[in-house]
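At position 98 of the sequence shown (counting the first as 1) the number is 239 in the numbering used here, and the numbers step up by one without a gap.
Data first, discussion second: the structure below is written as structure tokens.
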Amino acid sequence: MRPLTEEETKAFYKKLAKYIGSNIRFLIDREDEDYVFRFHKNRVYYVRAALLKFVAHIGQDELVAFGVCFGKFTKTGKFRLHITCLEYLAKYAKYKIWVKTAGEQAFVYGNHVVKTHLAKMTENTPQNAGVVVLSMSDVPLGFGVTAKSTIQCRELEPTGIVAVNQCDLGEYLRNEDNALT
């Protein structure tokens with residue numbers, strides 16, 4: 142467990158900024174308690190500073206996880222967000238997509254958001270922007286990247302892809318065997 146290096150911090154913040162933009166500061170500068178990002182076994186954890194004192198007494202090999210896992214670095218050095226950070230992404234997201242009830246199941250099964258399932262979308266969402274996908278009752282279902290901008294979606298055919306699924310709640314079930322590896 143260690144602080145992120147400068148390169149890791151850059152890659153991590155770049156990926157996080159795609160979804161929450163300048164709202165990253167709300168994750169770091171919190172009013173209730175101090176929170177920090179820590180690196181452990183190629184994963185980035187968001188953890189209370191007070192918890193770090195207790196975690197420091199546990200050996201690196203015995204420590205499995207602590208705090209909220211935001212994602213992991215691949216072998217090529219790229220950062221990939223995990224579904225476990227969805228709560229924070231949904232809270233601070235710049236762009237959001239709401240899907241109809243019929244589209245919720247399709248999205249959670251790993252499919253992309255198509256126009257027929259699209260209920261509403263944040264105005265002026267650009268193409269290739271990070272979005273959080275929500276149900277009509279504002280329950281976060283996952284996150285992805287827009288395939289079309291808000292304006293392009295108006296002229297899109299019903300089966301056209303609006304957002305590409307990056308990660309959804311179904312990941313918990315599909316990848317439960319290797320969740321901690």
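Virtual Cβ for every residue (Gly too), placed ideally from N, Cα, C.
Bear in mind that the values here come from a model prediction, so they are computed numbers and not experimental data.
With respect to F178, Y186 sits close: the two C-beta atoms are nearer than 9 Å. For L227, the closest C-alpha among the options L275, I169, Q293 and A288 is that of L275. Rounded to the nearest whole angstrom, the C-alpha separation of K151 and V305 is 24 Å. Scanning its chain for C-beta atoms nearer than 7 Å, with the 5 sequence neighbours on each side dropped, one finds around L230 the residues Y160, I161, V273 and F284, in chain order.
The straight-line gap separating the alpha-carbon atoms of K237 and H181 is approximately 30 Å. Here A190 is exposed: its Cβ has fewer than 16 other Cβ atoms, across all protein chains shown, within 10 Å. By the beta-carbon neighbour count (other beta carbons within 10 angstroms, threshold 16), M262 is buried. The C-alpha of K156 lies about 11 Å from the C-alpha of F214.
By the criterion of a C-beta distance shorter than 8 Å, Y154 is surrounded in its chain by I165, once the five residues flanking it on both sides are discounted.
The continuous stretches of alpha helix (DSSP H) do not include R171, and DSSP gives it neither H nor E. When the five nearest sequence neighbours on each side are left out, the beta carbons in the same chain lying within less than 7 Å of the beta carbon of R221 are those of G212, K213 and T215, in order along the chain.
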